[in-house]
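Following: one structure in structure tokens, then a few remarks.
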Amino acid sequence: MSADDLLRAALIDAARTLGVPEGADPILERPRDPSFGDWTTNFAMTLARPLKRKPREIAEALKGMVDIACAGVATSEIAGPGFINFRLAQDALTAGLRRALALDALYGRSTTGGARRVVVEFVSANPTGPLHVGHGRQAALGDTISRLLERTGWDVSREFYYNDAGVQIENLGRSTQARLAELAGLEGDIPEGGYHGEYIREIAVRYAEQNPGDAGGDNGKAVTDFAVQELRKEQDLDLQAFGVRFDTYYLESSLYEDGKVEATVNALQAAGRCYESEGALWLRTTEYGDDKDRVMRKRDGSFTYFVPDVAYHVTKWERGFRRAINVQGADHHSTVTRVRAGLQALDIGIPEGYPEYVLHQMVTVMKGGEEVKISKRAGSYVTVRDLIDEVGRDAVRYFFLMRKGDSQLVFDVDLARSQSEENPVYYIQMAHARLSGIFRVGEIDPATIDGARVDLSPLSTDEEKELLKAITDFPMLVAGAAAALEPHRVANWLLEIARMTHAWYHKYHVLGEAEEVTNARLVLARGIQIVLRNGLELLGIQAPERM
RNA sequence: GCGCGCGUAGCUCAGCUGGAUAGAGCGUCGGCCUCCGGAGCCGAAGGUCGUGGGUUCGAAUCCCGCCGCGCGCACCA
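Residue numbers for the first sequence, in our numbering: 4 to 550.
In structure tokens, the structure reads:
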């Protein structure tokens, strides 16, 4: 049990003797001002109403009853309207550091997921062009959310859904055919809603080379299949360059081939949720919170995208995923209600909030003080590949993760590329590299440092105490970020501890001090290195030994 | 018009799900290199938390109205 758990338990015990019913859960926080102590709680204030007593009076009573020694508390005091502030004994303060060294790469992990299965779907780009910056944000978010869940005990499956059927794919085929016609010296018109990027021409050239018998592109199906294959290959390469891999690729076309789309429509009709109108088949999604009913089968007999979407999510449920998380751009938010409505209408026991959605807002790319809107290959948008080529994978990942998903993101290319303190990702990596430098200069193998045996009482400066607390808080941080599906918490925390690390490094020396001081500081340096490395690893970013 | 998201320092954003004097980075200004990496450190200035109400011991945080910005409102995905 960690120090805060012990303290929390002691507070609950004390509250019970005051007549507080079961279920009261005191919140322990780090006070904003470290001079208030190591932990603070507003517990007494929350009890004021149910107990009908003054907060400070309750605080006094609680304070008197908490078994101080057991919880590792050195002193406690009451402040303000009724906060109880605790200052920990040195042993309790350093417990987290010792734990970090003992657990090393496993520090920060937990088992709250209970090995339950969860599918995280992200990117899911149509194979109609290179991945754009929005996909990049999704890739970073989805992959990091997956990592957070894995490290908190979930059995995660990363899934990419390929929309390889439908109008967009037809347009891709026709666009490619148009370029092939041009290559053959004929008039080629990109169809309405078609794709104008340079990459289409490249695909056409390759098709003509590899299919000399159909250099004009008359075989529509062959051209389309070729283009889809080429683009899937390109997207895979981009994702690989970004350090993202998927466990499964689910093809929309397979839903038609396996009859799952048809089956879903039949099931919805059997459930009595449909009606015919104006020659189309509608689903009463308004009964499930949608603002209007949705067409399932168009007048021409084909299905709208929404039907395979529902069928697809049924397969997630049927494949045993009782939890499903979709990472999508906010421009798709209208599908949320619809998909859930479709699943509810089926009435097969899927809970209302299934699947969960993590929506992210749009990305603006800035360079030289101006917004960048186009790339050479894709034409109308900036690609992930452009960014990776320009600033490197680590910086791209960090920049996509440093903001909360539901705020818009400005990607400053110049900042991401700069190799200085201005750039948060280099700043964090630098902190790790500097600590490595200490071990290098001291000719010490960091893996041999055994935190359990060293006297840590020399870690007594304010800076060191704050670092000890930060290291202690790391598992809580990971658990909180995982529960909220918010990777940016990790990114911000890393920046904070990097700042503390640089300040400490600059102010104090590790090597060449009195032996007991050096030994204690080596343990601290190792502990910081572990949380930096584990934290960066959560974001899929390197923790370099030197830069 | 309706739905979702967002308005916090000059700029870009945090704010741990209601707590103490609202924070960070960039930018600006001023300092610090015989010492484990100056690819760094220290300090200063800078805010009526869009706005008006409400809820309560206590609101940037929760509720309502208004203003502004983004996204979506297809028998496209």
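Quick reminder that beta carbons are idealized off the backbone N, C-alpha and C, glycines included.
Of the choices the options, whose alpha-carbon is the least far from that of residue i?
i      : options                           : result
Ala314 : Gly304, Ala333, Arg325 and Arg343 : Arg343
Ala225 : Ile30, Ala207 and Lys236          : Ala207
Pro130 : Lys301, Tyr198 and Ser463         : Tyr198
His381 : Ala211, Gly200 and Thr97          : The identity of residue 381 in the sequence shown is Ala, whereas the question assumes His. Ranking the options by Cα distance to Ala381, first place goes to Gly200.
Ile447 : Tyr508, Ala128, Asn522 and Gly22  : Asn522
Val552 : Ala98, Asp350 and Val170          : With the chain running from 4 to 550 in the structure shown, residue 552 is simply not present.
Glu32  : Met68, Phe86, Val23 and Arg59     : Phe86
Pro478 : Arg182, Ser38, Ser113 and Asp16   : Ser113
Ala142 : Glu516, Arg529, Val23 and Ile391  : Ile391
Ile203 : Pro215, Asp221 and Gly132         : Gly132
Ser257 : His336, Asp228, Asp167 and Leu346 : Asp167
Glu290 : Arg300, Cys277, Leu96 and Asp261  : Cys277
Leu104 : Ile452, Ser178 and Leu462         : Ile452
Leu558 : Glu425, Ala455, Val394 and Lys379 : For residue 558 there is no data in the structure shown, the boundaries of the chain being 4 and 550.
Met417 : Lys379, Glu374 and Ala283         : According to the sequence as given, residue 417 is Asp; it is not Met. Measuring from the Cα of Asp417, the nearest candidate turns out to be Glu374.
Ile148 : Leu65, Arg492 and Tyr430          : Arg492
Ile533 : Arg101, Asp294 and Ala419         : Arg101
Val361 : Ile353, Leu10 and Ala327          : Ala327
Leu349 : Ala273, Asn329 and Ala13          : Ala273
Leu189 : Gly372, Asn214, Phe125 and Ala218 : Ala218
Ala64  : Asp36, Ala333, Gly22 and Asp28    : Gly22
Ala487 : Val76, Thr155, Leu284 and Arg502  : Thr155
Ala546 : Arg19, Gly246, Gln213 and Asp397  : Asp397
Leu271 : Arg300, Gly246 and Tyr259         : Arg300
Just the C-alpha distance for residue i and residue j, rounded to the nearest angstrom, thanks.
i      : j      : result
Gln331 : Gln238 : 17 Å
Leu296 : Ser410 : Before going further, note that residue 296 is Asp rather than Leu in the sequence given. Approximately 30 Å, taken between the alpha carbons.
Arg302 : Asp476 : 58 Å
Thr340 : Val69  : 49 Å
Glu80  : Ala6   : 18 Å
Asp241 : Gly543 : 15 Å
Glu548 : His435 : 7 Å
Gly408 : Gly145 : 11 Å
Ile30  : Ile15  : 11 Å
Glu518 : Arg59  : 46 Å
Arg235 : Glu255 : 14 Å
Gly395 : Gln422 : 11 Å
Asn426 : Gln432 : 10 Å
Tyr511 : Gly40  : 23 Å
Glu393 : Tyr430 : 19 Å
Val159 : Thr115 : 13 Å
Val399 : Arg140 : 9 Å
Ala181 : His335 : 30 Å
Cys73  : Leu152 : 33 Å
Ile353 : Gly372 : 48 Å
Gly275 : Met405 : 47 Å
Leu412 : Phe403 : 8 Å
Asp294 : Val368 : 34 Å
Ala95  : Arg529 : 18 Å
Pro358 : Asn329 : 7 Å
Val268 : Phe324 : 22 Å
Ala13  : Arg56  : 21 Å
Thr288 : Gly304 : 20 Å
Ala211 : Lys370 : 37 Å
Quickly, what does DSSP pair residue i with across the bridge? List them, please.
i      : result
Glu1   : Not covered by the structure: residue 1. The range shown for the chain is 4 to 550.
Glu80  : Asn88
Asp158 : Arg120
Met369 : Glu374 and Asp415
Glu32  : Thr43
Gly551 : Any question about residue 551 goes unanswered here, given that the chain covers just 4 to 550.
Leu254 : Tyr165
Check whether the stretch 89-98 and the stretch 46-59 touch, using three or more Cβ-Cβ pairs below 8 Å as the test. The stretch 89-98 is not in contact with the stretch 46-59.
List in chain order: all unbroken beta strand (DSSP E) runs of 3+ residues lying wholly within the stretch 267-311. At a cut-off of 3 residues, the continuous stretches assigned as beta strand (DSSP E) that sit fully inside the stretch 267-311 are 277-280, 283-286 and 297-300.
Quick test of the definition: if touching needs 3 or more C-beta pairs under 8 Å, does the stretch 304-314 touch the stretch 468-475? At 8 Å Cβ cutoff, the stretches do not touch.
If you pair each beta-carbon of the stretch 374-390 with each one of the stretch 130-143, do three or more pairs fall below 8 Å? Taking 8 Å as the limit for Cβ pairs, the verdict is that the stretch 130-143 does touch the stretch 374-390.
Specify whether the stretch 493-511 and the stretch 525-544 touch according to this definition: at least 3 beta carbon pairs, one from each stretch, less than 8 Å apart. With a cut-off of 8 Å, the stretch 525-544 and the stretch 493-511 count as touching, because enough Cβ pairs lie within range.
With a cut-off of 8 Å, do at least 3 Cβ pairs link the stretch 188-197 to the stretch 169-177? Touching, yes.
Please go through the stretch 133-198 and give each complete beta strand (DSSP E) segment of 3 or more residues, from N-terminal end onward. Counting only runs that start and end inside the stretch 133-198, the beta strand (DSSP E) elements of at least 3 residues fall at 158-165.
Specify whether the stretch 436-451 and the stretch 511-531 touch according to this definition: at least 3 beta carbon pairs, one from each stretch, less than 8 Å apart. Verdict: yes, contact present.
So, does the stretch 245-259 touch the stretch 158-165, judging by three or more C-beta pairs under 8 Å? Under the 8 Å Cβ criterion, the stretch 245-259 counts as touching the stretch 158-165, having at least three qualifying pairs.
Can you list, in chain order, the stretches of the beta strand (DSSP E) that have 3 or more residues and sit fully within the stretch 416-478? You should have found no qualifying run.
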